[in-house]
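Here the numbering used here is used: the first residue of the sequence shown is 22, the next is one more, and so on. One structure is given below, encoded as structure tokens.
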Amino acid sequence: MTIHSTEAEERAYVKEVAAKLHDALRTIENQIDATRVEVIEAKTYVWANRAGLDPAERAANRVDISLAIDQGERAVERHRRLQKLIRSPYFGRVDFMTAGGTEADAYYIGVHSFGEEDSRRNVIYDWRSPVASLFYDYHAGRAAYDAPEGVVEGEIRLKRQYKIIDGELEYMIESAMHINDEVLQKELSRVSDEKMRNIVATIQKEQNMIIRNEHSRELIIQGVAGSGKTSVALHRVAFLLYRYKGTISSQNILIISPNKVFSDYISSVLPELGEEKILETGFDELAAGELDGICRFQTFAEQVSRLTVSADEALIDRIRFKAGLSFVHSIEQFARHCAEAYFVPVDVSFPSVTIAKEDIVSAYVAAGSLPVKPRLEKTALIVAGAARDEDGNKLKPAAAGKVRNAIKKMFKTLNLLSLYKDLYTYIGQPEQFKLLGPKTLEYGDVFPAIYLKMLLEGVQGFDSIKHVVVDEMQDYTAVQYAVIARLFPCKKTILGDANQSVNPYSSSSLAEIRQVFPEADTVELVKSYRSTFEIIEFARQIHPNSRMIPVERHGDSPRIIASGNAQGQLAAIGTAIGQFLQSEHRSLLLVCKTQDQAERLFRELKDQHDGLCLLDFNSEKFREGILIASAHMAKGLEFDQVVVPYCDAGNYATELDRSLLYIACTRAMHKLALTYDGEASPLLPAT
Ligand SMILES: Nc1ncnc2c1ncn2[C@@H]1O[C@H](COP(=O)(O)OP(=O)(O)OP(=O)(O)O)[C@@H](O)[C@H]1O
């Protein structure tokens, strides 16, 4: 028998569930009130009796208070979840009959689970629960899901989707197929939100496979622009936190993201899914930690800015040289060479102490499994510990210290910058190393130097991190991955798009990343959800390599607006801003090729348009309204409308420019315009 088969019954059921949720909410509110009173009373008691309580009693009271606070915090969290469920209790339903059964059970699926206290019956299933995978993976008919006790086979008798807003059923759709296109269309047509949103109601089958993947040590996702890579990675994190509750918490997961604005933009997804924010860092921050006190360095953004304003062939050559896997091997070979060639043992001889060179050599050989620095320290320790003075006594501390120092000095140098410079002499390419300034590395040298340091000194890994997410994988070199592999020897989700590199001279393809992680599983996402059909078709012509497949969601064709001069172009941009302000849309991005151009545009427009906001590499917050940014800064973000100014032949000409133009255009969800004066860029599609 199918329960709630008609729409009227479903509407009534929404109310019934809402009543249960309200009951539960009241219970929790009472609990929170009771806990509050309990904590206040306990604190008052401790304060009033502070003179009379002995230390053991005080400690016991403190424990009670902190337990009550913990309990209260958990209740507050449950309260928050219930409030969310009251607004929208569930979005899907599957009726599943297990093989051999006689009746199907209805499973309602929501962002969180909810069960009745008395009957212990589950009213709503969490989207991450095993049975919920049926909703994402199957049509009506035969189906199966992985439960803790094994695979459960059976048949889906009914599948429905709901949109419930503020407790009211807006619509419901019977969907025999995968997540119904109609619901997806509605979701994608919406106006942008202030922050990235969760996609639990419309996760697609290929995305669900990634989210629920538990076995891959490294999972690499190559996905076209707008294919949901970042969304999927965050939902995967939420899934892992659910699946491994008690073993992994948000403090054990780290996302390496391109910049602070992007981190801010994605920051609401996990809290929306009931999880805490995860840790976040960037490659520049990691580098700062590793090179602290050693040297300064150029950041990635500074390198990209330099490349976008001038094509310095020697610099490009240096960057390219250091980008590939073979350079990783060169560094490894050099580190091995250092371990042998830079250590020159000699006899040690002090008044009353003599140590033969051979004893030092054998201790150094015995410690051969260690990186150079700890190996040297161990050798010094062992030799000094074993040494005897002429009377056959162990060395006094001062003499032992002298021996240890003498042995450490037998290594030519442990100065990282000198060693790093020597690397280039060793490989016969001294011209490939150039300092940017005194003790200041070019960005291309930052991670090779860090890798060399790790090989020579060993690694202080982040043991508490159990899963790392690397976004924008195409922008990182093989050496950066080698460093990441050593710093975080845990599971990883690595995602990106080879066509969205902001620095193609040092970008990594999927194949190259796979060479660093040979065991990795890879998946490709080619369906693009962000932009309209017309915008995707347009962007595909800019980057013919892109394998983007659009969702059938239509909108205005992108416009290329030619002007006779700079003033005309500025007027065209002003008109586009005016049209945006008249529209229902909430976000407009004016995206320039370089930061300098973005700043210039900002100066030219800010007096005519209120509320313009310029993003730069120091920006930390994402916000709605009208933003101006470089393509580099805009990576990963999305906007209702996008205008790309300065699309003339001089400005967009190289392969790097092609990537930047492609990134710029694919930020648009609904509307795209490009402006130029003079001659149009040859990279623009013919109109
Ligand atoms: N299954 C889905 N249902 C609804 N919306 C989706 C789905 N998958 C992706 N989207 C939407 O598509 C847009 C792009 O997603 P996301 O930013 O995660 O893609 P991406 O591949 O990381 O993009 P890019 O590489 O271009 O920055 C977002 O608005 C996201 O909500």
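The beta carbon of each residue, even a glycine, is placed where N, CA and C say it ideally should be. Only a predicted model underlies this, so the values are computations on that prediction, with no experimental measurement involved.
Within this structure, are the beta carbons of residue i and residue j separated by less than 8 Å?
i	j	result
T329	T56	no
V572	L205	yes
H488	I274	yes
L307	Q272	no
F623	Y464	no
G247	S552	yes
Y157	N229	yes
S134	S150	yes
S651	C613	yes
N219	L336	no
W148	G136	no
A408	I376	yes
A388	K399	yes
R710	Y526	For residue 710 there is no data in the structure shown, the boundaries of the chain being 22 and 708.
C634	R644	yes
T514	A259	no
A344	T498	yes
S213	M690	yes
A63	A89	yes
E555	S528	no
Mind checking whether the beta-carbon of residue i lies closer than 7 Å to any heavy atom of ligand 1?
i	result
Y183	no
A246	yes
E573	no
G657	yes
D518	yes
R568	no
R551	yes
G249	yes
L209	yes
I220	yes
A48	Sequence inspection shows Thr at residue 48; the Ala mentioned does not correspond to that position. No - ligand 1 has no heavy atom lying nearer than 7 Å to the Cβ of T48.
Q206	no
I224	yes
Q243	no
T687	yes
Q228	yes
Q521	yes
Measuring only from the beta carbon, is residue i closer than 7 Å to any heavy atom that is part of ligand 2?
i	result
S252	Within the structure as shown, ligand 2 is missing, the only ligands being ligand 1.
Which residues mark the beginning and the end of the alpha helix (DSSP H) in which residue i is found?
i	result
G310	F304 to L312
D466	Y464 to E478
Y263	K250 to R264
F483	Element bounds for F483: n/a, residue is neither H nor E.
C316	Segment: none, C316 is in no alpha helix (DSSP H) and carries neither H nor E.
D380	K378 to A387
V572	Careful: V572 lies outside any alpha helix (DSSP H) and carries neither H nor E.
Could you spell out the range, first to last residue, of the beta strand (DSSP E) harbouring residue i?
i	result
E239	E239 to G244
E215	Per DSSP, E215 belongs to no beta strand (DSSP E) and is neither H nor E.
V173	G171 to I186
L693	A689 to D698
G131	D126 to G131
T514	K512 to G517
N143	N143 to D147
M118	G113 to T119
Y550	No beta strand (DSSP E) holds Y550; DSSP gives it neither H nor E.
H488	H488 to V491
L155	Counting along the chain, L155 falls outside any beta strand (DSSP E), though it belongs to the alpha helix (DSSP H) covering S154 to D158.
F371	V369 to F371
D661	F660 to V665
L190	E189 to E195
Problem set entry | the segment 283 to 299 / the segment 647 to 665 touching (three or more Cβ pairs under 8 Å) | Taking 8 Å as the limit for Cβ pairs, the verdict is that the segment 647 to 665 does touch the segment 283 to 299.
Exercise. So does the segment 166 to 179 actually touch the segment 88 to 98, counting three or more Cβ pairs closer than 8 Å?
Worked result: With fewer than three CB-CB distances shorter than 8 Å, the segment 166 to 179 does not count as touching the segment 88 to 98.
Problem set entry | Any 3 or more C-beta pairs closer than 8 Å across the segment 490 to 507 and the segment 339 to 352 | Put simply, the segment 490 to 507 touches the segment 339 to 352. At least three CB pairs are less than 8 Å apart.
Exercise. Do the segment 101 to 111 and the segment 39 to 47 make contact, defined as three or more Cβ pairs closer than 8 Å?
Worked result: Contact between the segment 101 to 111 and the segment 39 to 47 is present, with at least three C-beta pairs closer than 8 Å.
For this session: Count the CB pairs spanning the segment 682 to 698 and the segment 581 to 599 that are closer than 8 Å, and state whether there are at least three.
Result: By the criterion of at least three beta-carbon pairs nearer than 8 Å, the segment 682 to 698 is in contact with the segment 581 to 599.
Problem set entry | Contact between the segment 223 to 230 and the segment 76 to 86 (3+ Cβ pairs under 8 Å) | No: fewer than three Cβ pairs fall under 8 Å.
Exercise. Three or more beta-carbon pairs under 8 Å between the segment 533 to 541 and the segment 667 to 676, yes or no?
Worked result: No, the segment 533 to 541 is not in contact with the segment 667 to 676.
Exercise. If you pair each beta-carbon of the segment 673 to 686 with each one of the segment 514 to 522, do three or more pairs fall below 8 Å?
Worked result: They touch, by the three-pair rule.
For this session: Take every Cβ of the segment 427 to 436, pair it with every Cβ of the segment 357 to 374, and state whether three or more of those distances are shorter than 8 Å.
Result: Contact annotation: the segment 427 to 436 touches the segment 357 to 374, with at least three C-beta pairs closer than 8 Å.
For this session: Check whether the segment 473 to 492 touches the segment 452 to 459, counting contact only when three or more Cβ pairs, one atom from each stretch, lie closer than 8 Å.
Result: Touching, no, given that fewer than three Cβ pairs across the two stretches are closer than 8 Å.
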